[in-house]
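The next block holds one structure in the form of structure tokens; read it before the comments.
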Amino acid sequence: MFLTETHLHTKEGSACASASGAEQAEQYKGLGYDTIIITDHFVNGNTAVDRSRPWEEQMDMYCLGFEHAKERGGELGLNVLFGIEFSWGTSDFLIYGLDKQWLKDNPDMLGISVHELCDRVHESGGIVVQAHPFRQADYIRDIRLLPYHCDGVEVYNAGNRDPVSDSRAMWYADQFGFVKTAGSDCHHVVDGGRFYGVETEFEIKTIDDYITAVKQDRIAGLRHMNG
5 MFLTETHLHT KEGSACASAS GAEQAEQYKG LGYDTIIITD HFVNGNTAVD
55 RSRPWEEQMD MYCLGFEHAK ERGGELGLNV LFGIEFSWGT SDFLIYGLDK
105 QWLKDNPDML GISVHELCDR VHESGGIVVQ AHPFRQADYI RDIRLLPYHC
155 DGVEVYNAGN RDPVSDSRAM WYADQFGFVK TAGSDCHHVV DGGRFYGVET
205 EFEIKTIDDY ITAVKQDRIA GLRHMNG
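Per our numbering, the very first residue in the sequence shown carries number 5; after that it's consecutive.
And the structure:
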């Protein structure tokens, strides 16, 4: 089996993270992962990007964590792929299949509805997975779901403090027949932390490989582990 982290952050892109992209690559290589997908908070969320800059400069800054992780991952033999964590109010969605050029070419993406954004992602061959849909936290005022615009549900998230958040996500995925994923939502270099991920029978070398795993329901297992 091959192990992939589907949800993690870097300090270059996410204001709430302390680990650099290179440090995340080193951490996950040491934990035995084959692939990691960088999903920094987008510029409408808890971003480290200076939003006073022109859009294209913002996108260059946003992708730095991924680029640093990819460079270090290449040295270590770790696959490093690009994703996005996009916020809709206090709900978050993991987007896979876009790249920096796509972001630069869509400067109006924050001015359209989340439904239209999901449509654009799908038209571009990407997928949308709702992250921790039932997380309980003081900053979350309501629960918003997109059952007709998502391709999967993150049913295990290591950042959830209460197990009921995961059990409700599992129920939601079962109700709508969603593919189930798991992610660590890791922001820091930690010893003995909780690390989650998805297992596949084939190595996830490109983001298209991961999209295939979700679209064709080829995720063989969900991993829970302590670092």
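Beta carbons are placed, not taken as given, at the ideal position from N, Cα and C, and that holds for glycine. These figures come from a predicted structure and were not determined experimentally.
Mapping the DSSP letters down to three states, classify residue i as helix, strand or coil.
i	result
F70	helix
V90	The sequence shown places Phe at residue 90, not Val. It is a strand residue.
K209	coil
E61	helix
H153	coil
E158	strand
S18	strand
Q140	coil
G2	Missing from the structure shown is residue 2; the chain here goes from 5 to 231 and no further.
Q134	strand
H13	coil
Do residue i and residue j have their C-beta atoms closer together than 7 Å?
i	j	result
V193	A26	no
L226	A186	yes
R124	A162	no
Count the other CB atoms within 10 Å of the CB of residue i; is the residue buried (16 or more) or exposed (fewer)?
i	result
Y176	buried
R55	exposed
Would you mind reading off the limits of the beta strand (DSSP E) that contains residue i?
i	result
R145	Where R145 is concerned, there is no enclosing beta strand (DSSP E), given that its DSSP letter is neither H nor E.
V47	First-last for V47: undefined, no H or E at that position.
Which residue comes first and which comes last in the alpha helix (DSSP H) that contains residue i?
i	result
H192	Taken as a continuous stretch (DSSP letters only), H192 belongs to no alpha helix (DSSP H), as it is neither H nor E.
Y176	P167 to F180
G34	G25 to G34
Query - Cβ contact (3+ pairs, closer than 8 Å) linking the segment 67-78 and the segment 10-22 - result: As far as the Cβ criterion goes, the segment 67-78 touches the segment 10-22, which means the pair count is three or higher.
Query raised in the report: Is there contact here, the segment 136-147 with the segment 166-180, by at least three beta-carbon pairs under 8 Å?
Result: Result yes; three or more Cβ-Cβ pairs closer than 8 Å.
Requested in this report: Count the CB pairs spanning the segment 198-210 and the segment 86-96 that are closer than 8 Å, and state whether there are at least three.
Outcome: With contact defined as three or more Cβ pairs closer than 8 Å, the segment 198-210 and the segment 86-96 are not in contact.
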